[in-house]
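Notes to accompany the following structure.
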Amino acid sequence: MEPSLLRELLESLYDRYNRPEFIPDDPISVPHRFTERADREIAGFLSATIAWGNRRSIVRNGHRMMLLMDNAPADFVRHASERELKQLETFVHRTFNGGDLRDFVLALRGFEERYGGLGAFFEERYAVHGDLRPVLAEFRREFFAAPHAPRCEKHLSSIERGAACKRLCMYLRWMVRRDDRGVDFGLWRRIPMSALYLPLDLHVGVTGRALGLLTRRQNDWRAVEEITSRLREFDAADPVRYDFSLFGAGMDRILNDHE
3 MEPSLLRELL ESLYDRYNRP EFIPDDPISV PHRFTERADR EIAGFLSATI
53 AWGNRRSIVR NGHRMMLLMD NAPADFVRHA SERELKQLET FVHRTFNGGD
103 LRDFVLALRG FEERYGGLGA FFEERYAVHG DLRPVLAEFR REFFAAPHAP
153 RCEKHLSSIE RGAACKRLCM YLRWMVRRDD RGVDFGLWRR IPMSALYLPL
203 DLHVGVTGRA LGLLTRRQND WRAVEEITSR LREFDAADPV RYDFSLFGAG
253 MDRILNDHE
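Here our numbering is used: the first residue of the sequence shown is 3, the next is one more, and so on.
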């Protein structure tokens, strides 16, 4: 496809999907329930963590996590007693179970205590590196520094092992991107939108290859770098804005309608 036509298609799809109407059926609806920064950071991270599988199930279980945390995620992370933590054991989303959720809550408590929150960690470490790739690696190491069951490590992807880190990249999009559309939060102002990487999943990968934006066959970190680099050709300051375009087109099979 000619670059001008591709840009036009990406922009039209961006306008179609980057709207408040997108929120209720997406995992981002979970942090949108809250107004305080810490609540949004924690609710966003946990809902992004379980963002695989059926979207309705993801959203439903994201809200269920918040209910188990008394609909006050930041306060729960900071102060939950052993008895309150035990109530998390009833949770399950596919292979992410109540024990995993408990370990994740305690890991998040460590970030609150050591750094003052997730956003403070990511902004501070980005200021040091000027690159999100080493920050993602540091984040995972720091996250699992707390005592935890080894089985829960599979629920936080490792960039050092070449994973696409789709859910982490999606979470960073939510927290960093800002525009006038009201979908993403734009809370972490010390990280530029240009530093973000595209959340790459099956739908986005299929659409990206169909549009000639991605040649690599595996959906791994090298593919993330390739497709993000291509999207920077269309908007260097905010390449991940096209996540809406590619994800929406893949989910709704928009490209089939254009063939």
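For every residue, glycine included, the Cβ atom is placed at its ideal position computed from N, Cα and C.
Quiz item: Looking at C-alpha atoms only, which residue of H34, G64, R234 and E23 is the closest neighbour of L189?
Solution: Taking the sequence shown and counting its residues from 1, the one referred to as residue 189 is at position 187. Minimum Cα distance to L189 is reached at H34.
Quiz prompt | Selected residue, minimal CA-CA separation from A251, among S160, M3 and L11 | solution = In the sequence shown, counting from the first residue as 1, residue 251 sits at position 249. The residue with the shortest Cα to Cα distance from A251 is L11.
Quiz item: Helix, strand or coil for N63 per DSSP?
Solution: For the purposes of this step, residue 63 is taken as the residue at position 61 of the sequence shown. In the structure shown, N63 falls within a helical segment according to DSSP collapsed to helix, strand and coil.
Practice problem: Would you please state the rounded distance, in angstroms, between the beta carbons of V32 and M3? I believe it to be under 8 Å. | Solution: Working through the sequence shown from its first residue, we reach residue 32 at position 30. Working through the sequence shown from its first residue, we reach residue 3 at position 1. Not really, about 35 Å apart at Cβ, beyond 8 Å.
Quiz item: What did DSSP end up calling H260 once you bin it into helix, strand or coil?
Solution: In the sequence shown, the residue the question calls residue 260 occupies position 258. Note that H260 scores 44 on pLDDT, short of 50, meaning its location in the model is unreliable; the coordinates nonetheless yield the value given after this. Collapsing the DSSP output to three states places H260 in a helix.
Self-check item: Sub-8 Å separation of L215 and L233 beta-carbons
Solution: As a working mapping, residue 215 is identified with position 213 in the sequence shown. As a working mapping, residue 233 is identified with position 231 in the sequence shown. Yes, Cβ-Cβ distance for L215 and L233 is below 8 Å.
Self-check item: Start and end residues, alpha helix (DSSP H) containing I229
Solution: In the sequence shown, counting from the first residue as 1, residue 229 sits at position 227. Unbroken alpha helix (DSSP H) run through I229: W223 to R234.
Practice problem: Report buried or exposed for F7, applying the criterion of at least 16 other Cβ atoms within 10 angstroms of its Cβ. | Solution: In the sequence shown, the residue the question calls residue 7 occupies position 5. Rather than Phe, the amino acid found at residue 7 in this sequence is Leu. L7 counts as exposed, since fewer than 16 other C-beta atoms from the protein chains shown sit within 10 angstroms of its C-beta.
Quiz item: Helix, strand or coil: how does DSSP classify V185 here?
Solution: Looking up residue 185 in the sequence shown gives position 183. In the structure shown, V185 falls within a coil segment according to DSSP collapsed to helix, strand and coil.
Quiz item: So, are the CB atoms of A50 and M195 less than 8 Å apart?
Solution: In the sequence shown, counting from the first residue as 1, residue 50 sits at position 48. In the sequence shown, counting from the first residue as 1, residue 195 sits at position 193. In this structure, M195 does not lie closer than 8 Å to A50 by Cβ.
Practice problem: Please report how far the alpha carbon of R180 lies from the alpha carbon of H205, in whole angstroms. | Solution: On the sequence shown, position 178 is the one that residue 180 refers to. On the sequence shown, position 203 is the one that residue 205 refers to. If you take the alpha carbons of R180 and H205, they lie about 24 Å apart.
Exercise. Say whether the segment 110-127 touches the segment 40-56, bearing in mind that this needs 3 or more beta-carbon pairs closer than 8 Å, one atom from each stretch.
Key: Using a C-beta cut-off of 8 Å, the segment 110-127 makes contact with the segment 40-56, since at least three inter-stretch Cβ pairs fall below that distance.
Self-check item: Same chain only: Cβ atoms within 7 Å of A148, ignoring 5 sequence neighbours per side
Solution: Within the sequence shown, numbered from 1, the residue matching residue 148 stands at position 146. Annotation for A148: L108, A109 and G112 place their beta carbon closer than 7 Å to its own, counting only its chain and skipping 5 residues before and after.
Quiz item: By DSSP, does H150 sit in helix, in strand, or in coil?
Solution: If you number the sequence shown from 1, residue 150 lands on position 148. Looking at H150 - three-state DSSP - the assignment turns out to be coil, as it is neither helix nor strand.
Quiz item: What residue from D27, S160 and F24 has the CA that sits closest to E144's CA?
Solution: Residue numbering aside, residue 144 sits at position 142 when the sequence shown is read from its first letter. Ranking D27, S160 and F24 by Cα distance to E144 puts S160 first.
Quiz item: With C-beta atoms as the reference, is D102 less than 8 Å away from V61?
Solution: Within the sequence shown, the letter at position 100 stands for residue 102. Within the sequence shown, the letter at position 59 stands for residue 61. Going by C-beta atoms, D102 is not nearer than 8 Å to V61.
Practice problem: Could you please give me the residues that DSSP links to F98 through a beta bridge? | Solution: As a first step, residue 98 must be located in the sequence shown, where it is residue number 96. Answer is H95, bridged to F98.
Quiz item: Quick one: what's got a C-beta closer than 6 Å to K1's C-beta in the same chain, skipping five residues either side?
Solution: Past the edges of the chain, shown from 3 to 261, lies residue 1, and the structure says nothing about it.
Exercise. Starting from the C-beta of E162, find all residues in its chain whose C-beta is less than 7 Å away, skip the five residues before and the five after it, and write them out in chain order.
Key: Working through the sequence shown from its first residue, we reach residue 162 at position 160. Excluding residues within five positions, the ones whose Cβ falls inside 7 Å are A139.
Practice problem: State buried or exposed for S247, treating a residue as buried only when at least 16 other CB atoms are found within 10 Å of its CB. | Solution: Walking along the sequence shown from the start, residue 247 turns up at place 245. By the 10 Å Cβ count, S247 comes out buried.
Exercise. Output the distance between the C-alpha atoms of P152 and E114, rounded to the nearest integer angstrom.
Key: Within the sequence shown, residue 152 is the residue found at index 150, counting from 1. Within the sequence shown, residue 114 is the residue found at index 112, counting from 1. Distance between the alpha carbons of P152 and E114 is about 22 Å.
Self-check item: alpha helix (DSSP H) segment containing C171, residue limits
Solution: Here residue 171 refers to the residue found at position 169 when the sequence shown is read from its first residue. Unbroken alpha helix (DSSP H) run through C171: K168 to V178.
Exercise. Taking R183 as the reference, give the member of Y19, R135 and F98 with the closest Cα.
Key: The residue labelled residue 183 in the question sits at position 181 within the sequence shown. For the residues Y19, R135 and F98, the minimum Cα distance to R183 belongs to Y19.
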